[in-house]
Amino acid sequence: MIYSEKVMEHFANPRNIGELEDANGVGEVGNAKCGDIMKMYLKINNGIIEDVKFKTFGCGAAIATSSIATEMIKGKPLDEALKLTNKAVIEALDGLPPAKIHCSVLAEQAVKSAVADYYKRQGIDPTPFVGKIEEHCDTCCEV
Ligand code: FES
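Heads up: the sequence shown at position 37 corresponds to 37 in my numbering, and the numbers run straight through without jumps.
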């Protein structure tokens, strides 16, 4: 399997890895088939993602996609972060092998799940903002 230099670089030096003690939005998603799990911590203030960290129990592509996803949403307003698609993540990494596309879906869904948790903690129904979250995607995995 051939990975781009960017994937290898983010895999070797993941950005924003760890936990956020003062997170006010935490999301966790998993892929039932490969068993990989991704957890995303957000610190949101005035509608802006001030800080973000992640932990991934998963493959190299899951680490690289979540690393670049955190860079793409840090400092952004919530509505922009919610527009982050797995396609944008793949483009930012200069591509992913087809069998690893689902790993980028996990990154997208982890961001959405954390934002949904933030809205829930405010007593707001997240569905109109976040839409449907595939917390246990078992259809997109080809491992
Ligand atoms: Fe399942 Fe990468 S997230 S193999």
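Note that CB positions come from ideal geometry on N, CA and C, so glycine has one too.
- In its chain, beyond the 5 residues on either side, I49, I73, V111 and V115 have a beta carbon closer than 7 Å to the beta carbon of A81.
- In the three-state reduction of the DSSP assignment, P77 falls in the strand class, which pools E and B.
- Counting C-beta pairs closer than 8 Å gives three or more between the region 57–75 and the region 91–105, which meets the contact rule.
- Relative to ligand 1, the nearest heavy atom lies less than 6 Å away from the CB of A62.
- Per DSSP, the unbroken beta strand (DSSP E) holding E50 starts and ends at I48 to F57.
- Secondary structure note for L42: it is in no alpha helix (DSSP H), and the uninterrupted beta strand (DSSP E) holding it is I37 to N45.
- It is roughly 11 Å from the alpha-carbon of A23 to the alpha-carbon of R121.
- DSSP places N86 in the uninterrupted alpha helix (DSSP H) bounded by N86 to A92.
- Shown here, I124 sits in coil according to DSSP, grouped into three states, outside any helix or strand.
- Distances from the CB of N86 to the heavy atoms of ligand 1 are all 6 Å or more.
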